[in-house]
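First comes the structure, then the notes that go with it.
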Amino acid sequence: MALNKSTAKKSTTRNENDPTVRFESAKVESLFPVLDAVAWMDEASTAQIAQFAGIDPRTAGKLLKNANHLGIVDRRGTGYILLTSYPYQGTGDQKRDVVREALVRLPILVSARQFMSLGDPLDAAMRKAATVNRIVPFNIADYAPMLAWAEALNALKPGLVQEDLVDSAAAAKVERHGANKDSRVAFLSHSSSDKPFVRQLAADLKAAGIDVWLDEQRIRVGESIPERISQGLAESDFFLLAVSKASVDSEWVKKELNGALINEVQRRAVHILPLKLDDTKMPAPISDKKYADFSLSYKAGLADLVSAMKGN
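Laid out in structure tokens, this is it:
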């Protein structure tokens, strides 16, 4: 599936106002410190992200551009936010899975894999996929760095869909439990308003030997419930939902926290554990779930949570 060098020659006919997506050349691993920064901070600027990651702002800007094109991050105000779950301090494989999932969901690659399933080579499949997705004019050189990532992460396999990744993550969880029955992974869903609490909790859970995926409660246009079941959630043992006034008032809870999502989470053998941050009433879909109470004492809530997770 190598890219044809003759078609990858850079065009010189574009103008500065051309809105076409262009990916920057970079190693996929160089993206992870940038995503660590975005996951940990709230609407951080490029300069802040660069300092956090220990890289120069120009490099950070290129990596953020790629992550934005893939739908992993987005700009909000003067800073960046995550649009997907992310394993802060997770393994390299877990972080590569985040990028792979974004590539598998990328509309142009969804179409390209369909054309490749019909027998088209990569160049032709991308040209047709661009046309279907109304990317006109199209220059494959603009996508060459992204295609290099996709090929390295095996995201170009014809017929591959996101459900395949979720199924693989669920199977990996079974293997993990077979190798270490005491291992625990938590998927921590929260409102951005509760980020100070979440930072502390993520650090304390990691110190207790529990890996954490961070996920802010967001709704994107056109997103459906199955798309909320990501690799990170399928791989996790616990779905921790931080319940506070901020989260209950969010559109995520109002529209997406419903029976269908709860059933799908439980079908994936993920235990739901709400976290009570204040005196807010538990949302109806999880009102019957045992919760860890942080509203009166953080230390007491943490002790109960770790005990429940380690004992289950």
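Residue numbers for the sequence shown follow full-length UniProt numbering, so the first one is 1 and each next one is one higher.
By construction, the Cβ of each residue, glycine as well, lies at the ideal position given by its N, Cα and C atoms.
Between LYS181 and the rest of its own chain, which residues show a CB-CB distance below 7 Å, the 5 nearest in sequence each way excluded?
none
Alpha helix (DSSP H) segments (min. 4 residues) lying fully within the region 161–207
162–179 and 195–207
Does the distance from the C-beta atom of GLU29 to that of ASN66 stay below 8 Å?
Contact flag unset, no.
N-terminal and C-terminal residue of the alpha helix (DSSP H) that TYR291 is part of:
Segment: none, TYR291 is in no alpha helix (DSSP H) and carries neither H nor E.
By how many angstroms is the C-alpha of HIS177 removed from the C-alpha of ILE49?
35 Å
Determine contact between the region 96–111 and the region 243–260, defined as no fewer than three beta-carbon pairs at a distance below 8 Å.
Result no; under three Cβ-Cβ pairs closer than 8 Å.
Out of curiosity, what's the CA-to-CA distance linking LEU35 and VAL253?
25 Å
For ASP211, the first and last residue of its enclosing beta strand (DSSP E):
Segment 210–216, the beta strand (DSSP E) holding ASP211.
Which whole-angstrom value is the C-beta distance of PRO145 and ARG113, which I expect to be below 8 Å?
Beta-carbon to beta-carbon, PRO145 and ARG113 are separated by about 18 Å, too far to satisfy the 8 Å threshold.
Count the CB pairs spanning the region 84–91 and the region 207–216 that are closer than 8 Å, and state whether there are at least three.
Yes: the two stretches touch, three or more of their Cβ pairs being nearer than 8 Å.
Could you give the residue range of the beta strand (DSSP E) that holds TYR86?
Unbroken run through TYR86: none, as it is neither H nor E.
Residue nearest to LEU261 in terms of C-alpha spacing, selected from LEU277, ASP120, ALA208 and ILE286
ILE286
Evaluate SER250 with the Cβ neighbour count: other Cβ atoms within 10 Å of its Cβ, from every protein chain shown; 16 or more gives buried, anything less gives exposed.
buried
Applying the 10 Å Cβ sphere with the 16-neighbour rule, what's the burial state of ALA202?
buried
Would ARG268 and ALA234 qualify as a contact pair, given that the criterion is a beta-carbon distance under 8 Å?
yes
With respect to the alpha helix (DSSP H) encompassing VAL243, which residues constitute its N-terminal and C-terminal limits?
No alpha helix (DSSP H) holds VAL243; the beta strand (DSSP E) holding it covers 238–243.
Alpha-carbon spacing of ASP74 relative to SER192, whole angstroms:
14 Å
For ALA171, which of LEU240, ALA148 and VAL270 has the nearest alpha-carbon?
VAL270
In this structure, how does DSSP classify GLY79 when only helix, strand and coil are distinguished?
Per DSSP, reduced to three states, the secondary structure at GLY79 is strand.
Where does PHE115 sit, in a helix, a strand or coil, going by DSSP?
helix
Can you tell me which of the three DSSP states VAL21 falls into?
coil
Beta-carbon contacts of VAL38 that lie in its chain and below 6 Å, excluding the five residues immediately before and after:
The residues are VAL73, TYR80 and LEU82.
Roughly how far, in whole angstroms, is the beta-carbon of LEU156 from the beta-carbon of ALA150, given that I think they are within contact range, below 8 Å?
With a Cβ gap of about 5 Å, LEU156 and ALA150 count as contacting.
Can you tell which of GLN231, ASP167, ALA208 and LYS206 has its C-alpha closest to the C-alpha of ARG96?
GLN231
If you draw a straight line from the C-alpha of LEU305 to the C-alpha of ALA292, how long is it?
Taken atom to atom, the span from the alpha-carbon of LEU305 to that of ALA292 is near 6 Å.
Assign LYS62 to one of three DSSP states: helix, strand, or coil.
helix
Less than 7 Å between C-beta atoms, sequence neighbours within five positions excluded: which residues of the same chain meet that for LYS62?
Closer than 7 Å at Cβ, skipping near neighbours: GLU24 and ALA26.
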